Amino acid sequence: MQQAAARFADYLSRNRLRMTRERRVILEQVLAVGKHFDVDDLLVHMRNGGLRASRATLYRTLAHLVDSGMVHKVEMAKGQARYEPMLGRHHHDHLVCLKCGEIIEFESPEVERIQEEVCRRKRFTMTGHTHQIRGYCRRCSSR
Ligand SMILES: [Zn+2]
Ligand SMILES: [Zn+2]
Ligand SMILES: [Zn+2]
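Here the sequence shown stands for residues 9 to 151, numbered as in my numbering.
Below you can see the structure in the form of structure tokens.
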């Protein structure tokens, strides 16, 4: 947590923002709530711990965490989103089922290599990427 807080504080200061108590609490909760959570999961988790924050504040803070690269955002059906803290986790990408909401993680060195090559060709400095495939999982496509 100490290391995560330092990293987030560093990102915030580079963007002329301060590490407030509220941001620190939300970071703590984000790290504790688990993987592939949505804002409602986070709200429930915080409420169970006797903490309160508005939905708007959570969305704003999550957006900063996503920009900082510490949290990944997974786009779901109908504009919904799930979040995943990346601290201590290996880079991976996602397959998202639009029907049941299942999220399947995958790692492909080949896909990674091709993306890096595209950036090199375009003289683009990559700071991060999200590779996401939308569709229907095995169960939903056989139905
Ligand atoms: Zn990737
Ligand atoms: Zn499915
Ligand atoms: Zn994931």
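Ideal placement from N, C-alpha and C gives every residue a C-beta, glycine not left out.
The structure displayed is predicted, hence computed values, not measured ones.
{"Check": "I think arginine 142 touches leucine 106, with their Cβ atoms under 8 Å apart; what is that distance to the nearest whole Å?", "Outcome": "6 Å"}
{"Check": "Is valine 126 closer than 8 Å to histidine 139 when the C-beta atoms are compared?", "Outcome": "no"}
{"Check": "Using the beta carbon as the reference atom, which residues fall closer than 7 Å to any heavy atom of ligand 1, ordered along the chain?", "Outcome": "His99, His100, Asp101, Val119, Glu120, Gln123, His137, His139"}
{"Check": "Since I believe leucine 51 is in contact with leucine 3 (beta carbons under 8 Å), could you give me their beta-carbon distance rounded to a whole number of angstroms?", "Outcome": "Nothing can be reported for residue 3: it is not among the residues displayed for the chain, which extend from 9 to 151."}
{"Check": "Under the DSSP definition of a beta bridge, which residues are partnered with aspartate 101?", "Outcome": "Phe114"}
{"Check": "So which residues put a beta carbon under 5 Å from any heavy atom of ligand 2, going in chain order?", "Outcome": "Cys105, Lys107, Cys108, Glu110, Cys145, Cys148"}
{"Check": "Closer than 8 Å by C-beta to aspartate 49: which residues in its own chain qualify, once you throw out the five before and the five after it? Chain order, please.", "Outcome": "Val41, Gly42"}
{"Check": "Hey, would you say the C-beta of glutamate 113 is under 7 Å away from at least one heavy atom of ligand 3?", "Outcome": "yes"}
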